[in-house]
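Residue numbers 1 to 138, in the UniProt record's numbering, belong to the letters of the sequence shown in order.
Take a look at the structure set out below.
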Amino acid sequence: MYSFFSPSPIYLDTILAILRITLGLLMVYHGLEVFDAELMTGYQGWDAFKGPLAKLMVYAGKSSELISGILLTLGLFTRVGALLCIGTLAYVTFFVGQGRFWYEEQHPFMFVLFGVLFLFSGAGKWSLDGWWFGVKKI
């Protein structure tokens with residue numbers, strides 16, 4: 001019980017691994033929409049994507065979600081995956097959602113915050129990065 005109230009981390013490396021894998025799987029889930037042509041056409045009709053590059057922007061965004069999700073889930077090039085997650089979902093939050101991260105656009109902004117977490121913490125345990133480069137205890 002003492003450890004629960006102490007300021008020291010409890011199972012930090014395990015919890016970070018679970019959060020990274022969960023974030024990655026959620027990003028893969030959202031990124032798989034890239035294979036649904038009807039849904040992608042619907043996204044192109046949004047005001048934020050009007051113009052000659054609408055199709056490219058929508059497909060690049062969804063592909064980025066899929067790729068970052070795969071990288072984060074596997075813990076492979078985790079910081080690259082985190083940067084893709086941050087960039088894509090920050091665009092969704094601040095341009096598509098017009099910066100309303102405190103109310104309507106909390107969902108994509110939470111992904112941005114988790115991306116920042118893994119940008120700085122790295123993959124940790126249960127990761128291909130850890131297997132290749134070694135894991136330092138936090």
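Here a beta-carbon is modelled for each residue, glycine too, at the ideal position from N, C-alpha and C.
Query - isoleucine 15 - containing alpha helix (DSSP H), residue span - result: As a position in the sequence shown, residue 15 is number 15, starting the count at 1. Taken as a continuous stretch (DSSP letters only), the alpha helix (DSSP H) holding isoleucine 15 covers 12–31.
Query raised in the report: If we count Cβ pairs, one from each stretch, closer than 8 Å, do we get three or more for the stretch 89–106 versus the stretch 117–124?
Result: The stretch 89–106 is not in contact with the stretch 117–124.
Report task. Please name the residue in Gly134, Val92, Leu56 whose C-alpha comes closest to that of methionine 40. Result -> Position 40 of the sequence shown holds residue 40. Nearest to methionine 40 by C-alpha distance, out of Gly134, Val92, Leu56, is Leu56.
Report task. Could you tell me the distance, in whole angstroms, from the CA atom of leucine 84 to the CA atom of proline 7? Result -> For the purposes of this step, residue 84 is taken as the residue at position 84 of the sequence shown. For the purposes of this step, residue 7 is taken as the residue at position 7 of the sequence shown. Inter-residue distance for leucine 84 and proline 7 is about 32 Å (C-alpha atoms, whole angstroms).
Requested in this report: Taking only the alpha-carbon atoms, compute the straight-line gap between isoleucine 86 and histidine 30 and give it to the nearest angstrom.
Outcome: As a first step, residue 86 is located in the sequence shown; it is residue number 86 there, counting from the start. As a first step, residue 30 is located in the sequence shown; it is residue number 30 there, counting from the start. Near 14 Å, if we compare the C-alpha coordinates of histidine 30 and isoleucine 86.
Query raised in the report: Could you give the distance in angstroms between the alpha-carbon of threonine 93 and the alpha-carbon of glycine 122?
Result: The residue labelled residue 93 in the question sits at position 93 within the sequence shown. The residue labelled residue 122 in the question sits at position 122 within the sequence shown. So the two alpha carbons sit approximately 23 Å from each other.
**Report entry** leucine 53 - DSSP class collapsed to helix/strand/coil
**Finding:** Sequence index remark: in the sequence shown, residue 53 carries index 53 (1-based). Three-state DSSP puts leucine 53 in coil, outside helix and strand.
Query - Where tryptophan 102 falls: helix, strand or coil (DSSP) - result: Position 102 of the sequence shown holds residue 102. DSSP places tryptophan 102 outside both helix and strand once states are collapsed to three, so it counts as coil.
Query - Backbone CA spacing between tryptophan 131 and phenylalanine 49 [nearest angstrom] - result: Within the sequence shown, numbered from 1, the residue matching residue 131 stands at position 131. Within the sequence shown, numbered from 1, the residue matching residue 49 stands at position 49. Straight-line Cα distance between these residues: approximately 40 Å.
Query raised in the report: The alpha helix (DSSP H) with alanine 37 in it runs from where to where?
Result: The count along the sequence shown starts at 1 and reaches residue 37 at position 37. For alanine 37, the enclosing alpha helix (DSSP H) starts and ends at 37–44.
Query raised in the report: For isoleucine 67, is the classification buried or exposed, using 16 other Cβ atoms within 10 angstroms of its Cβ as the cut-off for buried?
Result: Counted from its first residue, the sequence shown places residue 67 at position 67. Taking a 10 Å sphere around the C-beta of isoleucine 67, we find 16 or more other C-beta atoms and assign the residue as buried.
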